[in-house]
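Each protein sequence line maps, in turn, to chains A and B.
FYI, our numbering numbers position 73 of the first sequence as 465, with every residue one higher than the one before it.
FYI, our numbering numbers position 109 of the second sequence as 227, with every residue one higher than the one before it.
Yeah, the Cβ is synthetic: ideal placement off N, Cα and C, and Gly gets one too.
Keep in mind the model is a prediction, meaning the values are calculated, not measured.
The block underneath contains the structure these notes are about, expressed in structure tokens.
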Amino acid sequence: MYNTPPSENITLEEFERLALARLSVLKEMEAYKLRHPNKTEKELLDKLNQLKLKHMKGTGLGSSGAAGSSREEDIRADLISHYVLRLAYCRTPELRKWFLAAEAELFRLKFGTYSPEEHEQFLAAHAPQYRPVPDDELGVVMGDIKQVSWTRVPELVSGRRVLLRGGWAYVSREALAPLVVAEFRTGVSKGLSEMARRWRQMFPAEEEQRLQPLVASLANRSLVADYSGVATRYGDVSAANLHQVSARHFPLCMSHLMTALHTERHLRHGGRQQLTLFLKGIGLPMEEALLFWRSEFAPRTTGEAFDKQYAYNIRHNYGREGKRTDYTAYNCPTIVGFSGGPGDHHGCPYRRLDETTLRAALGRLNCDERKVEEAVSKARAGHYQLACAAAFEGVHRVPEMDVGISAPLQYYAESRRVCAEREAAAAGGVPPATAGVDAAAAGPATAGNGGAQASAGPAGPTPGGAAARVGVKRPAEAVVGGTPGNA
Amino acid sequence: MAGDAAPANAEPSINVQDAMPSYYDSKHAQADAHFFNRREFCFTLNGDIFVRYQAFKDGAELQAAIQRRCPAKIDIGPVYSANPQDRHKFGASFQPLERELVFDIDLTDYDDVRTCGSGGHICARCWPLMAVAVKIIDAGLRQEFGFQHILWVYSGRRGVHCWVCDPSARQLTDEQRSAVASWFSVYKGHEEGKARVALLGGTMHPAVERAAAILRNAWRETLLPAQRLLEDGPHCEAMLRYLPEEGLVESVKRKWATAAKKEANRSMDVSLLRWGIIEEEVRLRLAEEKSRSKTGGNFKVVGPLERCLDEIVMAHAYPRLDMEVSKKMNHLLKAPFCVHPKTGKVCVPIDPAHADDFDPDGVPTVASLLGELAAAAAAREEAAAGADGAAEAAGKGPEPWRDTRMADAVTTFERCLLDGLAASNREELASRTRVAVAVGQLGIDF
């Protein structure tokens, strides 16, 4: 449960090595989950052990089978690396959120391997609020059940996976794990905010020069793959050429929205959000966006009504209104998670469209016949991102890319890259830099992604010119964002 | 409209505000004056101008502000950590602390399954959908979550709002609020031309089963006949799509055709008749499948058959919550007793036990209230002129609204929410006092 931080002296090297090893495991685990959303627990666990072996060999953090590492060593390394990362990731809400999610996932997998006795011990020690149920309370004896206030187990309540009566949740042993994970989350979350609050006092005065930059840099090494470079790389996108660009380069979710918008002269809120943020992501300036939406909404919505009802929202998405957040485009897991009523067009079309409509839509994208079938069958099996990848291959007639699409922006960037290369080749020139969008992101963050990306593009030497910078989050910005109390 | 709406608008608020302290504060109404003034109110002025983050010292100040600005609509937000008007002083530490758990159910979300109209439309034929939603959610909140102080309010046009006011409900985190909302959400949007209804596989969850039982009754008694869903048309076709087998659809259609010819059936409601045939056909098909083998048939065939009837009922009638409203502590919701800016109807409380009898077209409106006020005043004058002193004295009170139909609405409000809340507040106060005394005595003993 990581209740007490370690207190001992360790070398700077070990400090950094342990932290990086754990970071790699967390990051790659995340990438793995994103890419294969339908893996079983067992497969995830195998992957985790494999990653641990790869990154933590010799650090004492490897799985207990690794030679020369005792159980105490394991625990010590686990504790230290966890706390170092906690230190590095406590500084902004965004970092905290990521770290929390990644650690909770790790904990969940670990907890799943415990035996019933270990579970019992763990609960007694760390979560005494789970009370055994008196035998006669439910009228029937239901075996091994605990009762707890429902507010403790929102996760189970939200999935309707418990029995509720009078505010008590009755929880079976199988359902316990998420509860304990939730407790773990709360614990770590509290620890993180506490740490952020006391950040200044965390380091002894003489260490400020040495440790603080190291810790601060840990977090920057590794922000999630981002496609912000896409916006400027391939020339301007404007309201005038948007439909043309859309036809060639947009993934189905976005071109579907474009079509719906164009024919219905309107989109409902979910669709507007999904599309504006994406358009912003590919570099459509705000003024152009307003122009575009206004003209698409006409004549059903007059210019005046548009300004009144919709313009604010677009400006808000661009960070010019309200709390002025610079929103980023949705990625696939978010979009796949959307649901909507009959009049809604947002969400992932591979999930939401029925087979005939999907087939027709893919046909309109001029997708290869065989690939259409592949995409449809993948979609039916619930592998929406792989379905999208199949469509990409079909539309651009490229060899198989064994990864799914993880964000509409990725699809767009890949599409532009492929087309740019083709054009350059046709013109007889040397192909421009072809590094995958995020292949160049520094640090372990996207190492997994990068490796996979490389196989997606056509082979060939890829001197990383301008393209190599695409995936790198500007470090300066991250540092500024992360430094508290400078103002 | 807002101009003449205002006086009547303010009228019921007077009484409500008198009662507000016990509604707002469980610790002790009079003891904590700094509770009410941290509550956000949002006024919508004429021309869709939102004035957010307003707070008032007490009911009188709120009343004065309402009368001065004549808001077309009043929304209630959360209680913040500080007076919302000073929010800039507090920066990030300005956070919502408490807020009733609220729900919003709107008939527009049922547009694909109602036949009588769409959008802002509401009538006696679609109200049963709301009534059954009220019953299901109310029972769930009470039995499953153990909440007691629940207020249902007509939203003024085409839906209902629910305010859960238990102290524990007011302090729920956003995550817990989402969990409650998801607990009640079975309808998950549309896919492949059918409503996707979650979690009907295998045995039903007890909570869903309870809702299904309510729905099955309501389906035959009110929903089906009122909505005439099975008369020829797109809705009827859509419903047949839920039947898992083509052959079944065919045989149902054949039976419909023969049944239509029978003289005896003429008097019967077409939808009910046809539904009876669907049920019968599914039952026969199920029996046939089960008798095929000792193990009770292929579960891949039996499962969908067993589920399809409930699926139809759930898809058409299970409450469709506007989830976003419930999920966040700082979501605004229209105040009870507010006047709906478009319809002029007053958002009166609904007694969940009599939700069926509620008539959305019969609620008091600004115009009707003004009429009643004038009539009451006239009657009083007449009585006074008639020199019947005793009767006149009784009728003339400081609260003229008591002579209007608002009196009934306020009585419902008191019966359904305020009385219970006040009682439990008194109890809590008493127990706190007892604890304080006990601790005090402990101190003396030492």
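Notebook entry, point to check: Would the beta-carbon of residue 534(B) fall within 7 Å of that of residue 478(B)?
Noted result: no
Next item on the list: On a CA-only basis, which of 525(B), 207(B), 349(B) is nearest residue 231(B)? Give me that one, please.
Entry: 349(B)
Notebook entry, point to check: Mind listing which residues of the segment 253-287 of chain B have their C-beta closer than 8 Å to chain A's C-betas, in chain order?
Noted result: From the segment 253-287 of chain B, only 261, 262, 263, 264, 265, 286 have a Cβ closer than 8 Å to chain A.
Next item on the list: Rounded to whole angstroms, what's the CA-CA distance from residue 583(A) to residue 249(B)? Just pull it up for me.
Entry: When rounded, the distance between both Cα atoms is 47 Å.
Checklist line | residue 871(A) versus residue 752(A) - alpha carbon distance | finding: With a pLDDT of 31 at residue 871(A), under the threshold of 50, the modelled position of this residue cannot be trusted; read the value that follows with caution. Their Cα atoms are separated by approximately 47 Å.
Next item on the list: Return helix, strand or coil for residue 400(A), following the three-state DSSP convention.
Entry: For residue 400(A), the three-state secondary structure derived from DSSP is coil.
Notebook entry, point to check: Which stretch, first to last residue, makes up the beta strand (DSSP E) that contains residue 781(A)?
Noted result: Unbroken run through residue 781(A) is the alpha helix (DSSP H), 776-788; no beta strand (DSSP E).
Item checked: Assumed close pair residue 416(A), residue 300(B) - CB separation to whole angstroms, cut-off 8 Å -> Not quite, the Cβ-Cβ distance comes to about 34 Å (not below 8 Å), so this is no contact.
Notebook entry, point to check: Where residue 489(B) and residue 484(A) are concerned, what is the direct C-alpha to C-alpha distance, given to the nearest angstrom?
Noted result: 59 Å
Notebook entry, point to check: Counting only beta-carbon atoms, is residue 532(A) nearer than 7 Å to chain B?
Noted result: Annotation note: pLDDT 49 at residue 532(A) (below 50); position unreliable, coordinate value reported separately. No, residue 532(A) lies away from the interface with chain B (no Cβ there is under 7 Å from its Cβ).
Checklist line | Three-way DSSP call (helix, strand, coil) for residue 631(A) in this model | finding: coil
Note to self: Could you give the first and the last residue of the continuous beta strand (DSSP E) run that contains residue 540(A)?
What the structure shows: 537-541
Next item on the list: Please confirm if residue 293(B) has its CB atom under 7 Å from at least one CB of chain A.
Entry: yes
Check: Taking C-beta to C-beta, are residue 742(A) and residue 771(A) nearer than 7 Å?
Finding: yes
Margin query: Please classify residue 141(B) as buried or exposed, where buried requires at least 16 other C-beta atoms within 10 Å of its C-beta.
Written below: At residue 141(B), the pLDDT of 48 sits below 50, so the modelled position is not reliable and the matter cannot be decided from this model.
Checklist line | C-beta contact flag for residue 754(A) and residue 783(A) at 7 Å | finding: Against a cut-off of 7 Å, the Cβ pair of residue 783(A) and residue 754(A) comes out as a contact.
Notebook entry, point to check: Helix, strand or coil: which one does DSSP assign to residue 184(B)?
Noted result: helix
Note to self: Considering only their Cβ atoms, is the gap separating residue 392(B) from residue 374(B) smaller than 7 Å?
What the structure shows: By the CB criterion at 7 Å, residue 374(B) and residue 392(B) fall inside the cutoff.
Next item on the list: Going by CA-CA distance only, name the one from 690(A), 472(A), 467(A), 465(A) that's closest to residue 410(A).
Entry: 472(A)
Notebook entry, point to check: Along the segment 723-743 of chain A, what residues have a CB closer than 7 Å to any CB found in chain B?
Noted result: 731, 732, 733, 734
Check: Mind listing which residues of the segment 524-549 of chain B have their C-beta closer than 8 Å to chain A's C-betas, in chain order?
Finding: Residues passing the 8 Å Cβ filter: none.
Item checked: Within 7 Å, strictly: CB atoms of residue 222(B) and residue 267(B) -> Contact: no.
Notebook entry, point to check: Is it true that the segment 679-693 of chain A meets the segment 758-768 of chain A, where meeting means three or more beta-carbon pairs spaced less than 8 Å apart?
Noted result: no
Item checked: C-beta atoms of residue 173(B) and residue 202(B) nearer than 7 Å -> Yes, Cβ-Cβ distance for residue 173(B) and residue 202(B) is below 7 Å.
Check: residue 560(A) lies in the beta strand (DSSP E); which residues open and close that run?
Finding: 560-564
Item checked: Inter-residue spacing [alpha-carbon to alpha-carbon] between residue 399(A) and residue 489(A) -> 26 Å
Notebook entry, point to check: Nearest CA to the CA of residue 731(A): which residue from 244(B), 315(B), 274(B)?
Noted result: 315(B)
Notebook entry, point to check: Relative to the ligand ADP, is the shortest distance from any of its heavy atoms to the C-beta of residue 686(A) smaller than 6 Å?
Noted result: With respect to small molecules bound, the structure shown includes none, and the ligand ADP cannot be examined in it.
Next item on the list: List the residues of chain A whose Cβ lies closer than 9 Å to the Cβ of residue 422(B), in chain order.
Entry: Those within 9 Å of residue 422(B) in chain A number zero; the least Cβ separation is about 17 Å.
Next item on the list: Consult DSSP for residue 158(B) and reduce its assignment to one of helix, strand or coil.
Entry: strand
Checklist line | Nearest candidate by alpha-carbon position, reference residue 652(A), set 641(A), 667(A), 604(A) | finding: 667(A)
Check: Do residue 637(A) and residue 675(A) have their CB atoms nearer than 7 Å?
Finding: no
Notebook entry, point to check: What do you reckon, are the CB atoms on residue 332(B) and residue 253(B) nearer than 7 Å?
Noted result: yes
Notebook entry, point to check: In three-state terms, what does DSSP make of residue 760(A)?
Noted result: coil
Next item on the list: Evaluate residue 508(A) with the Cβ neighbour count: other Cβ atoms within 10 Å of its Cβ, from every protein chain shown; 16 or more gives buried, anything less gives exposed.
Entry: exposed
Check: Using DSSP with H/G/I as helix, E/B as strand and the rest coil, what is residue 248(B)?
Finding: helix
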